[in-house]
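Worksheet for the structure shown next.
2 protein chains.
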Amino acid sequence: MNSNHIEIIGLIGATLTTASFLPQVYQTWKTKDVSGLSLPMFSMFFVGILFWFAYGILINSLSIVLANAITAISSFILVYFKLKYRNK
Amino acid sequence: MNSNHIEIIGLIGATLTTASFLPQVYQTWKTKDVSGLSLPMFSMFFVGILFWFAYGILINSLSIVLANAITAISSFILVYFKLKYRNK
Numbered sequence: 001m002n003s004n005h006i007e008i009i010g011l012i013g014a015t016l017t018t019a020s021f022l023p024q025v026y027q028t029w030k031t032k033d034v035s036g037l038s039l040p041m042f043s044m045f046f047v048g049i050l051f052w053f054a055y056g057i058l059i060n061s062l063s064i065v066l067a068n069a070i071t072a073i074s075s076f077i078l079v080y081f082k083l084k085y086r087n088k
Numbered sequence: 101m102n103s104n105h106i107e108i109i110g111l112i113g114a115t116l117t118t119a120s121f122l123p124q125v126y127q128t129w130k131t132k133d134v135s136g137l138s139l140p141m142f143s144m145f146f147v148g149i150l151f152w153f154a155y156g157i158l159i160n161s162l163s164i165v166l167a168n169a170i171t172a173i174s175s176f177i178l179v180y181f182k183l184k185y186r187n188k
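In the order they appear, the protein sequences are chains A and B. Residue numbering for the first sequence follows the numbering used here, starting at 1 and increasing by one per position. Residue numbering for the second sequence follows the numbering used here, starting at 101 and increasing by one per position.
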């Protein structure tokens, strides 16, 4: 397997894990139902994603940089929704 | 920054994003409240993680392999909980 094929596998992973947050953001925005979401999860996740982003820059991996830039935004929105809607 | 320092940044990201699923799994297991969890999110996320796992093996990144092995298990459990408890 050459390095192009390997990078394609990384990009498929990146696309799926990144895109997976969109239905969650959409559902939460639509329903304002955050009772089942764990605040420690999404805040830890967000901070972890910032480290992955830095790692991607340092090892020059486009898959990792792109995926984590978008996921950082999505997970930040979910933390914001959780804080905003949790008392409703 | 040498490659050991870079790998430490990756491992911090790996530890945080992996560990972040544990409070979610615990909360969902405890409360059986899955109404706010998006099934498309966690199923897409699970499949994406399997690609990241393969990518980690192919580029020989220990951070990526370890993190995604554990996250695959956690996200699979959340998909299972969502399917099991969604009609309760």
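Beta carbons: idealized from backbone N, C-alpha and C, even for Gly.
Q. For the alpha helix (DSSP H) that residue 43 of chain A lies in, which residues bound it at each end?
A. Position 43 of the first sequence, counted from the first residue, corresponds to residue 43 of chain A. Taken as a continuous stretch (DSSP letters only), the alpha helix (DSSP H) holding residue 43 of chain A covers 39-58.
Q) Would you say residue 148 of chain B and residue 12 of chain A are within 9 Å of each other, going by their C-beta atoms? A) What you label residue 148 of chain B is simply residue 48 of the second sequence in a count that begins at 1. What you label residue 12 of chain A is simply residue 12 of the first sequence in a count that begins at 1. Yes, they are a contact pair.
Q. For residue 126 of chain B, is the classification buried or exposed, using 16 other Cβ atoms within 10 angstroms of its Cβ as the cut-off for buried?
A. As a first step, residue 126 of chain B must be located in the second sequence, where it is residue number 26. When all chains shown are included, residue 126 of chain B counts as exposed.
Q: Look up residue 125 of chain B in the DSSP assignment and say whether it is helix, strand or coil.
A: Here residue 125 of chain B refers to the residue found at position 25 when the second sequence is read from its first residue. Helix.
Q: Pick helix, strand or coil for residue 134 of chain B, following the three-state DSSP scheme.
A: Taking the first residue of the second sequence as position 1, residue 134 of chain B is located at position 34. Per DSSP, reduced to three states, the secondary structure at residue 134 of chain B is coil, with no helix or strand assignment.
Q | residue 177 of chain B versus B:142, B:103, B:119, B:133, residue with shortest Cα-Cα distance | A | For the purposes of this step, residue 177 of chain B is identified with residue 77 of the second sequence, where counting begins at 1. If we check each option's Cα against that of residue 177 of chain B, B:142 comes out closest.
Q | Proximity test, Cβ basis, 9 Å: residue 179 of chain B and chain A | A | As a first step, residue 179 of chain B is located in the second sequence; it is residue number 79 there, counting from the start. Output row for residue 179 of chain B: interface = no.
Q.
In whole angstroms, give me the CA-to-CA distance for residue 17 of chain A and residue 57 of chain A.
A. Here the question's residue 17 of chain A lines up with position 17 in the first sequence. Here the question's residue 57 of chain A lines up with position 57 in the first sequence. Cα-Cα distance, rounded: 19 Å.
(Q) Can you confirm whether residue 65 of chain A, when its beta carbon is compared against all beta carbons of chain B, has any partner nearer than 9 Å? (A) To locate residue 65 of chain A, count along the first sequence from 1; it is residue 65. Not closer than 9 Å to any Cβ of chain B, the Cβ of residue 65 of chain A fails to qualify, so no.
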